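Numbering (UniProt numbering), first residue to last: 13 to 261.
For reference, the structure discussed in these notes is given below.
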Ligand code: GLP
């Protein structure tokens, strides 16, 4: 069974579709007096989705008062004030522009001492469960095959934990950090199992440099060498890709 693939003309069109799926769910759950739990991603892939959600907040009265968010990952070590922190990224790209209560936002804390991480990660898992689990998880894909920062070798039953970054990921992040040696060697990430527990998963892949890994994710047998291939085991996954990302399929 192949993963369902939506080929769209560009990320603007894809982002509009994804944002309206999210907005519809928020409104539907709000009408039932329920909160919507979103799993959010960083990187360039979801930026247009966040832009569209901000537009809907400003122009269509979409409220995020009843939205709870859990971000996938954060570099380690990383202070929240650092310009490359995912806290900064999320504030700039989304949270500063919508009416989400601060207490509803969760992003793995990259500033904790190493001996506190394990306990912190199990608490992160517990918080997700206490909110009733993730309704929609947004994902990008790294050229290493990672989702979140689940690099090759990640186990299907992995949960939130500290990981080592793959050399491909470090090379790709060098442009943000100025050089490869400035990129943190580790990260805190939700696990494969955390991601697969989401009720619905939306993965986006834009541009030519995602074409090889997108093919592997969709067409190769499920393998820990391509952590994104674990998504084949989930029955509510939708992939949005542009033409350039699908040239190898
Ligand atoms: C980053 C993030 C991932 C993201 C991926 C792709 O390092 N940790 O969650 O999906 O790499 O990034 P981009 O969307 O910029 O291609």
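Cβ atoms here follow ideal geometry from the backbone N, Cα and C, with glycine treated the same way.
Here the structure is a predicted model, which means the values were calculated and not measured.
### Near the ligand GLP: residue 157 beta-carbon under 7 Å from a heavy atom
By one-based count along the chain shown, residue 157 stands at place 145. Set against 7 Å, the gap from the CB of residue 157 to the closest heavy atom of the ligand GLP is not smaller.
### Task
May I have the straight-line CA-CA distance separating residue 25 from residue 150, to the nearest angstrom?
What you label residue 25 is simply residue 13 of the chain shown in a count that begins at 1. What you label residue 150 is simply residue 138 of the chain shown in a count that begins at 1. So the two alpha carbons sit approximately 16 Å from each other.
### Message
Is any non-hydrogen atom of the ligand GLP found closer than 7 Å to the C-beta of residue 153, if you look at the structure I gave you?
### Response
Against the chain shown, residue 153 aligns to sequence position 141. Yes.
### Task
My understanding is that residue 57 touches residue 216, with C-beta atoms under 8 Å, so please give their C-beta distance in whole angstroms.
Counting from one through the chain shown, the residue named residue 57 turns up at place 45. Counting from one through the chain shown, the residue named residue 216 turns up at place 204. About 5 Å separates the two Cβ atoms, so the contact holds.
### Query
Fully enclosed by the segment 139-185, which beta strand (DSSP E) runs are 3 residues long or longer?
Uninterrupted beta strand (DSSP E) stretches at least 3 residues long and entirely within the segment 139-185 occur at 148-151, 173-176, given in chain order.
### Coarse secondary structure for residue 85, derived from DSSP in three states
Locating residue 85 in the chain shown gives position 73, where the first residue counts as 1. DSSP places residue 85 in strand when its eight states are reduced to three.
### Message
Measuring CB atoms only, is the segment 41-50 touching the segment 72-88, in the sense that at least three cross pairs come out at less than 8 Å?
### Response
They touch, by the three-pair rule.
#### Entry: Cβ pair residue 161, residue 201 closer than 8 Å
Here residue 161 corresponds to residue number 149 of the chain shown, with the count starting at 1. Here residue 201 corresponds to residue number 189 of the chain shown, with the count starting at 1. Against a cut-off of 8 Å, the Cβ pair of residue 201 and residue 161 comes out as a contact.
### Cut-off 8 Å between Cβ atoms - residues of its own chain near residue 41, not counting five sequence neighbours on either side
The residue you call residue 41 lines up with position 29 of the chain shown. Excluding positions up to five away in sequence, the list reads 47, 48, 78, 147.
### Message
Given this structure, state the Cα-to-Cα distance separating residue 189 from residue 55, to the nearest angstrom.
### Response
Position 177 of the chain shown, counted from the first residue, corresponds to residue 189. Position 43 of the chain shown, counted from the first residue, corresponds to residue 55. Residue 189 and residue 55: Cα-Cα distance of roughly 13 Å.
### Query
Apart from the five residues on each side of it in sequence, which residues of its chain come closer than 6 Å, Cβ to Cβ, to residue 143?
Translated into positions along the chain shown, residue 143 becomes position 131. So the qualifying residues of the chain are 49, 80.
### Query
Quick one, which of 152, 220, 261 has its alpha-carbon nearest residue 61's?
Within the chain shown, residue 61 is the residue found at index 49, counting from 1. If we check each option's Cα against that of residue 61, 152 comes out closest.
### Message
For residue 91 and residue 176, what's the separation of their Cα atoms in angstroms?
### Response
Working through the chain shown from its first residue, we reach residue 91 at position 79. Working through the chain shown from its first residue, we reach residue 176 at position 164. Roughly 18 Å between the two C-alpha positions.
### Query
Just how far apart, CA to CA, sit residue 232 and residue 137?
In the chain shown, counting from the first residue as 1, residue 232 sits at position 220. In the chain shown, counting from the first residue as 1, residue 137 sits at position 125. Cα-Cα distance, rounded: 29 Å.
### residue 36 versus residue 65: straight-line alpha-carbon distance, rounded
Here the question's residue 36 lines up with position 24 in the chain shown. Here the question's residue 65 lines up with position 53 in the chain shown. If you take the alpha carbons of residue 36 and residue 65, they lie about 11 Å apart.
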